[in-house]
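Comments concern the structure below.
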Amino acid sequence: MWPGLVSALPCCASDLQMLNINSSVYCEDKTPIAVNKWCNSYYFIDPLHPEVPDEVFVENEQKTLFSLNGGKDWYEEYCTGSFQNSTVHETKSLVNMSDTTVAMICFLDSEVDMDQDHYSLYATCLLISCVFLLATLIIYLLLPELRDLQGKCVICLILSLMVGYLCLVYLQLPATTPKVFNNECVVIAFLTYFWMMSSFFWLNINSFNMWRSAVLAHINMSERKLTIAYYLAGWGIPLVFLTVALISHHLPVNFIKPNFGVRSCWFQGKLELWSYFYGPVLVLLICNIVYFISTALYLWSDYRSPNPMPRIKSLRIKFCLYFKLFLVMGITWIFEILSSIADEPWYVTDILNCFQGVIIFVVMILLRKRVWRALAAKSLCGMRCANCWQKMEDEETDNEVVDEQQLSADNVAKP
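Pasting the structure below:
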């Protein structure tokens with residue numbers, strides 16, 4: 001028994017023992033042992049049958065194994081547990097060792113080091129995206145002109161995506177990655193799941209509201225009622241998904257569980273990933289495509305008309321804007337899902353996914369003259385933007401003004 005190892009990371013959850021199956025080590029419930037999400041190979045250390053004379057290992061304050069015989073430090077990633085009484089190792093007899101704590105040490109090869117570099121790169125890109133998402137959020141909150149019903153949906157989308165990305169950064173940076181089986185690991189995984197699901201539901205609500213504004217314009221609904229309905233859908237439905245995941249997390253093994261914290265601080269495998277995340281996301285993305293096709297057919301049904309109504313002009317401009325937003329998030333995630341089916345990483349789409357915040361800032365802020373004109377009329381920290389911005393031609397705002405004037409004239413003309 002190693003007194004210093006009893007508080008180390010357990011190889012198996014819920015005090016399960018380990019099994020040696022076809023020269024591979026698993027837990028009793030057939031799940032892999034958990035040490036490091038990048039670890040593919042382990043070294044078994046038996047305190048009762050040391051490979052080297054006087055090979056004794058203890059933990060230091062940082063929970064790292066050290067050899068007391070003057071050897072080099074062992075890698076920091078390891079777990080401890082016990083084998084079933086009937087298990088026999090290829091080189092060491094483990095019979096009657098069910099009460100003995102053993103250690104499984106992780107050794108990282110160059111390929112695994114490369115995986116760590118990729119995770120660090122993705123985390124850095126996500127962090128850059130968060131900065132641009134925060135800038136987009138601040139500008140939306142500063143400018144009342146952007147905070148119509150559609151703008152409020154965009155704000156909720158950006159907020160959800162930003163918090164979800166921050167959770168992913170925390171999980172992927174080697175300096176902050178929590179240990180598997182740790183409560184912190186499971187909690188952050190559930191938070192990431194909720195916020196990422198929320199971002200996709202808000203993307204869907206953006207698409208739906210664009211479709212409703214065009215196709216269902218004849219159905220009058222107050223903005224207040226729509227806002228409440230959207231909030232209930234955008235936050236409530238992801239909360240239902242989270243609740244289902246939390247409940248299933250504590251159900252028996254034969255139920256499909258998310259298995260957060262088993263192999264990593266995310267879903268254990270493809271079955272769990274598709275059941276709880278990729279499956280619902282794919283359905284939402286397909287719905288988005290249907291909404292945009294239906295909206296486009298409605299808005300361009302009279303494309304031969306040289307002078308479409310101001311309302312149609314305004315809706316066409318909005319459609320193009322929010323279709324770009326869907327392309328930024330939707331298409332890249334479709335490729336992400338396809339890469340999962342192909343079982344091969346597509347690094348280009350992965351990087352594009354990580355840089356979504358930057359692209360959203362460019363599409364929703366930098367390329368919109370409406371934003372530049374609004375900023376020119378605003379005093380920021382006692383400083384005013386360039387006056388030339390106010391003189392920019394802005395079809396988005398001008399068509400909205402004409403549309404509002406037309407609606408007012410129609411209302412006055414009614415008996």
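Numbered by the working numbering, the letters in the sequence shown go through residues 1 to 415 in order.
For every residue, glycine included, the Cβ atom is placed at its ideal position computed from N, Cα and C.
Close beta carbons around residue i, own chain, < 8 Å, minus the five adjacent residues each side
i    : result
I188 : C167, Y170, L171, P178, C265
I155 : L137, Y140, L141, R147
K270 : S340
S248 : F255, I256, K257, P258
L246 : F190
I293 : none
L159 : L137
Rounded Cβ spacing between residue i and residue j (contact assumed at less than 8 Å)
i    : j    : result
S199 : L137 : About 13 Å separates the two Cβ atoms, so there is no contact after all.
A377 : L315 : 25 Å between Cβ atoms; not a contact.
N288 : L203 : 7 Å
I351 : C130 : Contact flag wrong, Cβ pair sits at about 15 Å.
Y278 : I219 : With 8 Å as the limit, Y278 and I219 do not qualify as a contact, their Cβ atoms being about 34 Å apart.
For residue i, the first and last residue of its enclosing alpha helix (DSSP H)
i    : result
M197 : 183-215
N288 : 279-299
M162 : 149-172
K369 : 369-376
C12  : Unbroken run through C12: none, as it is neither H nor E.
N353 : 347-354
P238 : 237-249
E272 : 270-273
L143 : Note, L143: premise wrong, no alpha helix (DSSP H); not H, not E.
R263 : First-last for R263: undefined, no H or E at that position.
L321 : 310-326
E336 : 332-342
A229 : 223-231
Residue i vs residue j beta-carbon contact at 8 Å
i    : j    : result
I360 : L133 : yes
V262 : A13  : yes
F326 : S207 : yes
Y417 : C320 : Look at the range of the chain in this structure, 1 to 415, and you will see that residue 417 is not part of it.
F194 : P258 : no
A374 : L149 : no
G234 : I256 : no
Y322 : W211 : no
E145 : R370 : yes
Cutoff 6 Å; reference residue i; Cβ partners in own chain excluding five residues on either side
i    : result
S93  : With a pLDDT of 38 at S93, under the threshold of 50, the modelled position of this residue cannot be trusted; read the value that follows with caution. If we look at S93 and ignore the five residues flanking it on each side, it has no Cβ neighbours.
F260 : V186, A189
T31  : V262
S275 : I256
H250 : none
E272 : P258, N259
D109 : Legend: pLDDT at D109 = 46, less than 50; position of this residue unreliable, no value from coordinates given.
F241 : M197
F267 : P258, L273
A296 : none
Residues of its chain near residue i, where Cβ-Cβ distance is below 7 Å and the 5 sequence neighbours each way are ignored
i    : result
M196 : G164
V362 : none
K152 : T227
P10  : C79, T80, G81, F181
F335 : W346, T349
V358 : I128, S129, F132
L299 : A214, I312, L315, R316, F319
G70  : Any reading at G70 must be qualified, since the residue scores a pLDDT of 40, below 50, and its modelled position is unreliable; no value is offered.
I365 : T136, I139, V371
L16  : C27, E28, D29
R224 : none
Any non-hydrogen atom of the ligand SAM closer than 7 Å to residue i Cβ
i    : result
K152 : The model on display carries no ligand, and the ligand SAM is accordingly not part of it.
At a cut of 8 Å, does the stretch 329-349 reach the stretch 277-286 through at least three beta carbon pairs? yes
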